[in-house]
Every structure is written in C-alpha cells, then in structure tokens.
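Chains A and B, in that order, are what the protein sequence lines are. Under full-length UniProt numbering, the residues of the first sequence are numbered 1 to 291, in order. Under full-length UniProt numbering, the residues of the second sequence are numbered 1 to 231, in order. Shown next, in structure tokens, is the structure this report addresses.
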Amino acid sequence: MIRDPAFAKIIKTGPGTKVIDLGRKGWGKFGIPSAGPMDILAFRWVNHILRNPENSAVLEVQQPGLVLNFEAPTLIGLAGAQAEIKLNGVQKNSGCLLEIPAESELKIGGFDKGSILYLGIKQGIQSESKLGSKSFFEGITEQIQFSNGDKFMYFTNQEIPTFKARANPVFSTSYQDKTHIRVYPGPEWDLLQKEMQDQLLNHTFLITPFKNRMGAQIDSPFKNEYSSIATAAVFPGTVQLTPSGKLMILLQDAQVTGGYPRILQLEENDLPAFNQLKTGHEFRFELQSFT
Amino acid sequence: MVALIPSIRTISPRLTELFWDVPVSDELLEMKIYILSEISKNFAPSIEDIRSGFKTISIQWKERYGNFGFEEFLANLSLKPTSLDTKTWEIPVCYDLEFGFDLDRLAKLKPITIEEFIHLHSSPTYRIHFIGFLPGFPYLSGLDPKLTTPRKSQPDRAIPSGSVAIGGNQTGIYPQQSPGGWHVIGRTPIRVFNSKASPPVFFEMGDQIKFKPISKEEFEGLKNFNPLQLS
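Written out as structure tokens, the structure reads:
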C-alpha cells in the first residue's frame with residue numbers, strides 16, 4: 001500500500017478535540033488510565049467503514065465549529081453525534097463516508113443529536129504513540145488537545161489520488177435515545193440507607209455542563225453522610241458520592257483510584273449512550289443484577 | 001499472623017474486586033503483593049488491567065464474565081506472603097518556602113519550627129502501597145502523626161509538578177501539575193514519571209522512599225535526574 005504522508009490543518013476548533021484510539025491497557029499499576037474513546041460504538045464504526053485496523057487513531061470532537069483543511073486526497077468516516085457537515089461548501093450527511101479531494105475544507109457545524117463526533121481517516125491518524133496508544137493524555141503525550149493552526153498527519157496516495165467510497169453505510173444513532181442507564185451496585189452501595197438507595201433509583205437526573213473526558217458531575221438532592229473510604233480503584237463508569245452530595249460519574253480519562261464511596265457502576269455497554277447525552281438531558285439509573 | 005483472606009466482590013460483568021476489611025499495614029501489603037503475583041501467573045492472558053488500593057485489588061477482565069475459575073483459584077491458594085522488598089529510593093526535596101508554599105503555615109499550625117518540620121518529614125522511610133490518582137503518584141505510609149493535617153477545604157487549581165505535599169495522614173509527590181487539596185511543603189527536582197522511559201515510573205508498590213533535604217542550588221543541579229537507589 002502506498003503511504004505518502006500528508007497533513008490536515010485545524011483551521012478552527014473548540015476545546016477538547018483530540019486524537020483517540022482504543023487506549024492504553026494494563027498501565028493501571030502506574031496510575032495511568034486507558035483514555036479510550038467516549039463512544040466506542042461510533043469509534044469502531046468509523047474504522048470499520050474505512051476498513052481500517054480496529055485500533056486506528058481517530059479525531060474525537062467534543063464541540064461544534066470544527067474547520068479542517070486537507071491538503072491531499074483521502075477518505076474519511078463520520079459517526080457519533082449527528083452534525084451539520086459541509087465539504088467545500090456543499091452540505092453532506094453525517095454518519096457516512098466522504099471522499100476528500102485535494103485542498104478540501106471540511107466544516108462541522110452544530111450537533112443536532114449527540115455530543116461527541118468521531119472523524120476517522122483512511123489508515124488512521126499518524127501521531128506519536130506513547131505506552132502503546134496514540135490517545136492524547138496529559139503527562140503522557142506531548143499534545144493534550146488540538147488548537148487552531150495545529151496539523152495532524154495522515155497517509156495519501158500521490159500516484160493514484162482518488163479514494164472511492166464504495167458503499168454508503170448509514171450510522172444509526174438510535175442507541176443515543178437511551179435515557180435509562182443500566183447500573184450495578186458499587187462496592188459501597190450497601191453503605192447507603194435503603195431510603196437513599198430507593199431515592200437514587202427513582203430520581204431523574206440532569207446532565208450538567210460539567211462533563212468532560214474525566215467525568216460528569218451530576219447534581220443530586222442527597223446529603224452525603226458517609227465518610228470517605230480507604231483509597232480504592234475506580235474505572236470508567238464508576239459513580240462516586242462526593243462530600244457535597246453531588247454524584248461524580250467517572251469517565252475515560254478519570255484517575256485510576258479514588259477515596260469517595262463508589263455507590264454504582266454503569267453497565268459499560270450504556271456508556272456510549274450516556275456520554276452522548278447533551279447538557280440538560282434527563283436520565284435515570286436502572287439497577288441490574290448479573291447473577 | 002492475622003487471617004488475611006480477602007472477600008470477593010463482583011462489581012460488573014468485567015470488574016472483580018478483592019477486599020480486606022482490616023486496617024492498612026505492611027502485612028496487608030505483603031499479602032496483596034503475593035496475591036497480585038499469583039493472579040498474574042495464573043490469569044494474565046484474561047486480564048485487561050489490575051488496579052490496587054489500600055485494602056483492595058481490582059481486576060478488569062478482557063471478556064465479560066471472564067473470571068471463570070477465579071473464586072476456586074483463590075479458595076485453593078495457599079497464602080504464603082513473601083517479606084517486603086527493602087529497595088529504597090532517595091528522593092531529594094528542596095523545602096525552600098518558594099517551593100513549599102504551605103510549609104510556613106503548616107509549621108505554625110503544629111506549632112513547630114520549620115527545621116523540626118523538615119526533620120520529621122525527611123527522617124522516616126516511607127512505604128509505597130500503590131500508585132494512583134495521577135500517573136506515578138505514590139500512596140505512602142509512614143508519615144509522622146505530628147504532621148497529619150486535614151486536606152484543604154478548597155483545593156488549589158494548579159499544584160506544580162514535583163511538589164511534595166501532605167494530605168491527611170499521607171504524604172506524596174505530584175508527578176505532574178494538577179489540581180489538588182494537599183498542603184505543599186517542598187519540591188523534588190527529579191522526574192518521577194517519564195512516559196518515554198520503560199517502565200515510566202522507577203518505583204513500584206512495596207518499594208520504600210526516603211526524602212533527602214537539599215538546597216536551592218542543589219535543586220538546580222539535579223533537575224530531571226533519576227533518583228538514587230539506596231538499597
């Protein structure tokens with residue numbers, strides 16, 4: 001396969017645009033989280049439709065208003081949030097494959113549905129790999145997020161500079177309609193009074209603006225009468241009860257250990273839906289047992 | 001010795017946790033290190049990640065419901081902890097008030113002199129129970145009870161990289177700049193975490209740490225050096 005390096009330039013971006021792959025596995029003992037994709041369904045989809053290796057690095061976009069310039073031809077795939085897409089001024093569907101001619105401008109406008117968009121590129125984004133992953137992470141990769149004017153490398157083919165979208169697959173966003181998020185009792189669930197357990201399971205919560213790759217802070221009507229615990233492991237999807245009574249739902253970039261009671265653990269298959277929920281959207285917990 | 005048999009908690013289809021409902025001790029740490037090595041020997045191909053806490057070992061399996069045979073394995077495991085490593089790392093710390101911007105306030109709070117404070121902090125040999133919070137952040141036991149100080153009610157937005165700090169009955173090193181609620185008493189010039197190195201952290205759970213007071217001049221000369229292994 002011919003691999004001529006080419007660059008895409010970030011003309012304009014909001015905060016939180018990052019290179020992400022499946023993440024770093026097995027580094028917990030050094031305090032390093034995996035930093036995988038927030039929406040693994042959309043992540044896998046873009047690499048699948050591009051026929052990329054499954055761990056190819058993609059762009060994770062957290063904010064509308066991204067403008068990119070591609071200097072050389074390639075093929076890109078979009079999935080996750082449903083967004084307004086313009087390629088060289090022409091409106092395109094999101095959740096699809098797009099042929100990118102040389103010197104193309106791609107604009108990602110408002111998100112109609114969902115809150116995280118994935119942009120995959122033929123053969124993956126070519127950036128530095130640290131500890132087995134290209135996922136941006138503070139203290140590990142040189143870059144933490146993209147800013148205006150930054151570039152990233154990809155492979156093009158200068159000899160035969162056309163990339164054909166042979167099929168037109170459509171990404172279904174129906175999983176994002178899920179507002180009942182399945183949870184398991186966390187290790188400290190039994191510390192809570194029965195009354196508070198019932199309240200937690202019957203309450204309708206709101207997504208606040210305080211949600212990023214580290215975690216989602218959720219307001220709650222509860223008082224926390226429980227002390228902290230001996231510091232123990234946490235994972236993406238761990239729900240902590242913080243001293244103020246707010247819930248902290250830890251996500252892909254969260255620390256590997258914590259000292260707040262771990263009251264619930266999200267079913268990981270519901271994390272993509274939860275992470276796609278927008279500010280102001282409602283959700284409830286649905287307690288599962290798996291015995 | 002105390003019976004140190006853990007209980008098993010199944011948290012989710014991919015998460016299993018071992019929990020010891022006993023006070024934190026070197027004995028418990030010995031047991032965790034022994035069980036960790038036995039788990040690695042027997043289950044490594046099935047494990048995505050293992051994370052330790054003071055009283056817990058948490059396993060993330062690669063497959064859902066992939067912990068087949070794990071409970072039987074634990075039940076049949078003969079508990080023979082090995083004694084803890086005596087490997088000790090010397091971490092130089094400059095306790096100058098410019099770096100240890102909370103030191104003066106903390107010393108007055110006790111109240112002891114700054115010199116006494118530094119002496120009490122740099123005399124013990126600390127034990128690493130696990131690494132967590134930030135890449136390379138060691139959770140240590142061994143802080144002199146006189147230096148115990150509740151965490152700040154309002155965390156600082158940016159504690160500088162290399163800061164040595166006290167929070168509750170613990171002391172630790174911030175390997176990178178981070179928000180944090182601990183009281184900063186000094187800074188080390190050495191690089192605790194290096195993502196280009198293999199392994200990225202030079203110490204591991206079970207190792208020991210000793211802090212060595214240094215001057216500002218020495219601090220400049222030791223920037224980004226590796227620490228010295230004393231034994």
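We put the beta carbon where it would ideally sit given N, CA and C, even for glycine.
* To do: Would you check if the distance between the CB atom of F152 of chain A and the CB atom of Q143 of chain A is smaller than 7 Å?
  => Position 152 of the first sequence, counted from the first residue, corresponds to residue 152 of chain A. Position 143 of the first sequence, counted from the first residue, corresponds to residue 143 of chain A. Contact flag unset, no.
* Asked: What residue does the alpha helix (DSSP H) around I40 of chain A start on, and which one ends it?
  -> Taking the first residue of the first sequence as 1, we reach residue 40 of chain A at position 40. Where I40 of chain A is concerned, the enclosing alpha helix (DSSP H) stretches over I40 to I49.
* Could one say the Cβ of V256 of chain A lies closer than 7 Å to chain B's Cβ atoms, at least one of them? -> As a working mapping, residue 256 of chain A is identified with position 256 in the first sequence. By this cut-off, V256 of chain A is an interface position.
* Asked: Can you tell which of B:L77, B:L140 and B:L147 has its C-alpha closest to the C-alpha of L106 of chain B?
  -> Translated into positions along the second sequence, residue 106 of chain B becomes position 106. For L106 of chain B, the nearest C-alpha among the options comes from B:L147.
* May I have the straight-line CA-CA distance separating E63 of chain B from P33 of chain A, to the nearest angstrom? => Indexing the second sequence from 1 puts residue 63 of chain B at position 63. Indexing the first sequence from 1 puts residue 33 of chain A at position 33. E63 of chain B and P33 of chain A: Cα-Cα distance of roughly 18 Å.
* Asked: Any C-beta of chain B sitting closer than 7 Å to the C-beta of P187 of chain A?
  -> Start at 1 with the first residue of the first sequence, and residue 187 of chain A comes out as number 187. With 7 Å as the cut-off, P187 of chain A counts as an interface residue toward chain B.
* Mapping DSSP to helix, strand and coil, what is A165 of chain A? -> Translated into positions along the first sequence, residue 165 of chain A becomes position 165. A165 of chain A falls in the coil class under three-state DSSP.
* Asked: Shorter than 7 Å from the beta carbon of L143 of chain B to some beta carbon of chain A?
  -> As a position in the second sequence, residue 143 of chain B is number 143, starting the count at 1. Not an interface residue.
* **Neighbouring residues, chain B, relative to F290 of chain A (Cβ below 7 Å)** => Position 290 of the first sequence holds residue 290 of chain A. Under the 7 Å cutoff, chain B gives P13.
* Spatial neighbours of E116 of chain B in its chain, beta-carbon cut-off 6 Å, leaving aside the 5 residues before and after -> Position 116 of the second sequence holds residue 116 of chain B. Excluding positions up to five away in sequence, the list is empty.
* **Those residues which DSSP pairs with D21 of chain B across a bridge** => As a position in the second sequence, residue 21 of chain B is number 21, starting the count at 1. Bridge partners of D21 of chain B: none, in fact.
* Leaving out five residues on either side along the sequence, give the residues of the same chain with a beta carbon under 8 Å from the beta carbon of P135 of chain B. => Along the second sequence, read from residue 1 onward, the residue named residue 135 of chain B stands at position 135. Correct list, in chain order: P175, Q176, F193, S195, P200 and V201.
* To do: Check the Cβ-Cβ distances between G23 of chain A and every residue of chain B, and say whether any is below 7 Å.
  => Numbered from its first residue, the first sequence carries residue 23 of chain A at position 23. Cβ-Cβ to chain B under 7 Å: no for G23 of chain A.
* Asked: Is any beta-carbon of chain A found at less than 7 Å from that of D21 of chain B?
  -> Position 21 of the second sequence, counted from the start, is the residue given in the question as residue 21 of chain B. No, because no Cβ of chain A sits closer than 7 Å to the Cβ of D21 of chain B.
* To do: Have a look at G142 of chain B and P209 of chain A and give me their C-alpha separation to the nearest angstrom.
  => Within the second sequence, residue 142 of chain B is the residue found at index 142, counting from 1. Within the first sequence, residue 209 of chain A is the residue found at index 209, counting from 1. Their backbone Cα atoms lie some 40 Å apart in a straight line.
* **chain A contact residues for E27 of chain B, given Cβ-Cβ distances below 9 Å** => Looking up residue 27 of chain B in the second sequence gives position 27. Chain A residues near E27 of chain B: none, gap ~15 Å exceeds 9 Å.
* Could you spell out where the alpha helix (DSSP H) holding I229 of chain A opens and where it closes? => Sequence index remark: in the first sequence, residue 229 of chain A carries index 229 (1-based). No alpha helix (DSSP H) holds I229 of chain A; DSSP gives it neither H nor E.
* State the DSSP-derived secondary structure class of K107 of chain A, mapped to helix, strand or coil. => Along the first sequence, one-based indexing puts residue 107 of chain A at 107. K107 of chain A falls in the strand class under three-state DSSP.
* Asked: Excluding five sequence neighbours on each side, which residues of the same chain lie with their C-beta closer than 6 Å to the C-beta of F146 of chain A?
  -> Along the first sequence, read from residue 1 onward, the residue named residue 146 of chain A stands at position 146. Within the same chain, F146 of chain A has close Cβ partners I10, T13 and T17.
* Cβ of I20 of chain A within 7 Å of any chain B Cβ -> Here residue 20 of chain A refers to the residue found at position 20 of the first sequence. Answer no: the Cβ-Cβ gap between I20 of chain A and chain B never drops below 7 Å.
* Asked: For D156 of chain B, which residues from the same chain have a beta carbon less than 7 Å from its beta carbon, with the 5 sequence-adjacent residues on both sides left out?
  -> Numbered from 1 along the second sequence, position 156 holds the residue referred to as residue 156 of chain B. Counting only Cβ-Cβ distances below 7 Å, and skipping sequence neighbours, we find P179 and G180.
* Asked: In chain order, what residues of the same chain have a beta carbon less than 7 Å from the beta carbon of I114 of chain B, not counting five sequence neighbours either side?
  -> For the purposes of this step, residue 114 of chain B is taken as residue 114 along the second sequence, with counting starting at 1. The residues are L103, D104 and A107.
* Assign P5 of chain A to one of three DSSP states: helix, strand, or coil. => As a working note, residue 5 of chain A is residue 5 in the first sequence. In the structure shown, P5 of chain A sits in a strand (DSSP, three-state: E or B).
* To do: Report yes if the CB atom of L250 of chain A is closer than 7 Å to the CB atom of G215 of chain A, and no otherwise.
  => The sequence position of residue 250 of chain A within the first sequence is 250, counting from 1. The sequence position of residue 215 of chain A within the first sequence is 215, counting from 1. Yes.
* For A102 of chain A, count neighbouring C-beta atoms within 10 Å of its own C-beta (all shown protein chains included) and say buried if the count is 16 or more, exposed if not. => Translated into positions along the first sequence, residue 102 of chain A becomes position 102. When all chains shown are included, A102 of chain A counts as exposed.
* **Separation of L119 of chain A from P37 of chain A, as counted between CA atoms** => Position 37 of the first sequence, counted from the start, is the residue given in the question as residue 37 of chain A. Position 119 of the first sequence, counted from the start, is the residue given in the question as residue 119 of chain A. If I take the Cα positions, the gap works out to 12 Å.
* Tell me which same chain residues have a C-beta within less than 7 Å of the C-beta of M1 of chain B, skipping the five on either side of it? -> Position 1 of the second sequence, counted from the first residue, corresponds to residue 1 of chain B. Because the pLDDT at M1 of chain B is just 48, under 50, the model does not fix this residue reliably, and the value given afterwards should be weighed accordingly. Only E27 meet the Cβ criterion.
* Asked: Any residues in the segment 44-57 of chain B with a beta carbon nearer than 9 Å to a beta carbon of chain A? Which ones, in chain order?
  -> I47, E48, D49, I50, R51, S52, G53, F54, K55, T56 and I57
* Asked: So what's M1 of chain B in DSSP terms, helix, strand or just coil?
  -> What you label residue 1 of chain B is simply residue 1 of the second sequence in a count that begins at 1. Unreliable positioning characterises M1 of chain B in this predicted model, as indicated by a pLDDT of 48, which lies under 50. A coordinate reading is not provided.
* Does any residue of chain A bring its CB to less than 7 Å from the CB of F133 of chain B? -> Counting from one through the second sequence, the residue named residue 133 of chain B turns up at place 133. Taking Cβ atoms only, chain A reaches closer than 7 Å to F133 of chain B, which makes this a yes.
* Length of the line joining the Cα atoms of A167 of chain A and F290 of chain A -> Reading the first sequence from its first residue, position 167 is the one you call residue 167 of chain A. Reading the first sequence from its first residue, position 290 is the one you call residue 290 of chain A. Taking the straight line joining both Cα atoms gives about 39 Å.
* **Amino acids of chain A, ordered along the chain, whose beta-carbon sits closer than 7 Å to that of F193 of chain B** => By one-based count along the second sequence, residue 193 of chain B stands at place 193. Per Cβ cutoff of 7 Å: G139.
* Go to N69 of chain A, then tell me how far its beta strand (DSSP E) extends in each direction, as first and last residue. => Taking the first sequence and counting its residues from 1, the one referred to as residue 69 of chain A is at position 69. Per DSSP, N69 of chain A belongs to the beta strand (DSSP E) from L66 to F70.
* **Residue from A:T204, A:G186 and A:K113 with nearest C-alpha to S12 of chain B** => Taking the first residue of the second sequence as 1, we reach residue 12 of chain B at position 12. When each option's Cα is compared against that of S12 of chain B, the closest is A:G186.
* Asked: What is the DSSP secondary structure of A35 of chain A, counted as helix, strand or coil?
  -> To locate residue 35 of chain A, count along the first sequence from 1; it is residue 35. Coil.
* Which term fits A83 of chain A, buried or exposed, when burial requires 16 or more other beta carbons within 10 angstroms of its beta carbon? -> Here residue 83 of chain A is taken as the residue at index 83 of the first sequence, counted from 1. So A83 of chain A counts as buried.
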